[in-house]
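Below: one structure, written as structure tokens.
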Amino acid sequence: MTELLNVRNLTARHGQLPAVREVSLTIGRGEVLALVGANGAGKSTLLRAIAGVHPIGGGTVHFDGSDITRLPADRRVAAGIALVPEGRRLFPEMTVEENLRVARSRPGGWELEMVLEAFPMLRQALRRRASTLSGGEQQSTAIARALLTNPRLLLIDEVSLGLSPVATEAVYKSLDRLIRAGTTLVLVEQDLGRAMSVADRIVCLRDGRVALTAHAGAVTREEVTEAYFGLGKPTAVRS
Amino acid sequence: MTWANAIIQGVLLGGLYALFACGLSLMFGVMRIINLAHGDLAVLGAFVVWLIATQGHVSPFIATVACLPLMILIGYGLQRTLLSRSLRSGELTPLLTTFGLAIVVQNALLQVFSADVRGLGGLSGLLAVDGWRLGDQLAVPYLGVTILAVAVAVLGGLQLVLQRTAFGREMRATAQDPEAAALVGIPASQVYARATAIAVATAAIAGAFLAIHSTFDPSSGPTQLIFAFEAVVIGGLGSLWGTLAGGVTLGVAQTIGAVIDPQYSILAGHLVFLIVLAGPRGWLVFSRRPRAWQPSGR
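First to last, the sequence lines map onto chains A and B. If you use full-length UniProt numbering, the first sequence corresponds to residues 1 to 239, in order. If you use full-length UniProt numbering, the second sequence corresponds to residues 1 to 298, in order.
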């Protein structure tokens, strides 16, 4: 599996507090990586730093062999990185269709009709304002909007946070299609079981550091939970 | 009949105020910048139009169209140089920057053109002085109707651009959430520069009509800024057609005030502004983040 993203010793702060401390990780093409960890572990900050919307204190980010550490967020989108941020961040005064059409597309396969096939619930909601959508519809719109930029790497923060079980199921059903299509994905997911079932690899963050890296099939839920809460054995790195 | 005439003149005067307010509203809606140099940029536009009209011996209306590319460039350059840097330094810095810019523009105009009062009414032919007479006390001036029509065309055109084009969607998206816009590939700096270019161009149109409608000098800017600001606040921050309604309300208040007593003209406008400011809408002005700018004013 060839390398698509290489993060080296990345550091990011929230004010004076270090949120991400010298994190290094690589992501291969077509890989699905689940980023797990307790609240405040640095997952969202790491994704935002990779997407270019959180300032980096140190370290480097290479994407497809190019150094993008200093690139602004909009140019990272043009390079092929898309982030579905925590809270979805839709444009509330715009309709679903406008939210989708506003994305600046790179050349590639995703077009409006295709995302509507991947997220069928959006077809009926195209004329509705984003502020009136349910949680599942909002998350679907946010993922669809990111897909319309034709990313080579899709980062999704808190996939199922605030969603009903039915909406979560619908969103993951759509994600399955993306995974089968070979999209490179990084998911932040609080539901550990769900994360382990869809990901090729699990990375657990604790206090801004990598506490565990393991292939999903080579680690038990208990081991991830231990790394998650810092219980038992010291930092483990398995692959 | 006197009251009817006052209302008609007020509505027409409101067109001029709406033109002044259009760019101010756009910049505030998209970038959250209150451009204190807006009135002076309008007067700069008036001087450019005056130069083209007098030196090129062309109608002020042709000169207005001719000056637009220059004003668009000035607006674009202003954002890419001064304003983009000040935007990165907190909320107060752009306010101070545009205040400084206003002083620079005023003094530069004073240096180049002197303090003489000028006007373009004389070069505008019958349009500037004639009108339809609908009785002894009722007249509808051609120029007032022209200004109102241009204001509606500018605001309507802007609304169409914002609602129907990809550029408009990008501008609305950036106005609502610049970071989320960047995450779908929209560079905020480019959107801001285009918005400023449009705002300065509309200010120049307003300045040209001020020059045709009455007179101007290098110190005319701040007064126009106050009227524009009042129109924006009365019409509601973040609303395009509200800006037109605000301009018309201000104009009508001033002309009705003038009927009561000529010295109440400006005061009546300020009173309406203060009443709006004291009401629920005023709280929006003082809140940290008013509703994002929407072309339809929903």
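We treat Cβ as the ideally placed atom computed from N, Cα and C, and that holds for glycine.
- Against chain A, a Cβ distance below 9 Å from B/GLY235 picks out nothing, because the smallest value is about 18 Å.
- For the segment 178-211 of chain B, the set of residues with a beta-carbon nearer than 7 Å to any beta-carbon of chain A comprises GLU179, ALA180, ALA182, LEU183, VAL184, GLY185, ILE186, PRO187, in chain order.
- A direct Cα-Cα distance of roughly 22 Å separates B/ARG169 from B/LEU73.
- Proximity of chain A to B/ARG169 at the Cβ level (cut-off 8 Å) is accounted for by MET94, GLU98, ARG101, VAL102, in chain order.
- DSSP places B/ILE7 in the uninterrupted alpha helix (DSSP H) bounded by 2-31.
- When DSSP assignments are scanned along the segment 88-115 of chain A, the uninterrupted stretches of alpha helix (DSSP H) that are 4 or more residues long and fall wholly within it turn out to be 96-101.
- The closest CA to that of B/GLY39, considering only B/LEU277, B/ALA211, B/ALA53, B/GLN159, is found on B/ALA211.
- A distance of 8 Å or more separates the beta carbons of A/ARG201 and A/SER160.
- Neighbours of A/LEU116 across chain B, judged by C-beta separation under 9 Å, do not exist; the nearest C-beta is about 17 Å away.
- Around the CB of B/GLN263, fewer than 16 other CB atoms lie within 10 Å, so the residue is classed as exposed.
- Annotation: B/LEU160 to B/GLY242 spans about 16 Å, alpha carbon to alpha carbon.
- Under a criterion of Cβ atoms nearer than 8 Å, the residues of chain A adjacent to B/GLN176 are, in order, PHE91, PRO92, GLU93, MET94.
- Assignment of A/HIS215 by DSSP, reduced to helix, strand and coil, places it in the strand class.
- B/VAL152 and A/ALA79 have their C-alpha atoms some 41 Å from each other.
- In terms of CA proximity to B/GLY269, B/VAL248 leads the group B/PRO280, B/GLY279, B/VAL248.
- Excluding the 5 residues flanking it on each side, A/GLY135 has same chain C-beta neighbours closer than 8 Å at GLY162, LEU163, SER164, ALA167, in chain order.
- Within its own chain, the residues whose Cβ lies closer than 7 Å to the Cβ of B/ALA197, once the five positions on either side in sequence are excluded, are ILE72, GLY75, TYR76, listed in chain order.
- Between the beta-carbon of B/VAL200 and that of B/GLY23 there is about 7 Å, and that keeps the pair under the 8 Å contact cut.
- The Cβ atoms of B/ALA53 and B/ASP217 lie no closer than 8 Å to each other.
- The C-alpha of B/THR202 is placed about 33 Å away from the C-alpha of A/THR149.
- By alpha-carbon distance to A/THR2, the top candidate from A/VAL96, A/ARG104, A/THR184 is A/THR184.
- Using a Cβ-Cβ cut-off of 8 Å, B/ALA21 is close to nothing in chain A; its nearest Cβ partner there is about 21 Å away.
- Assigned with DSSP and collapsed to three states, A/ARG29 falls in coil, not helix or strand.
- Within the DSSP bridge table, the entry for A/THR184 names A/LEU153 as partners.
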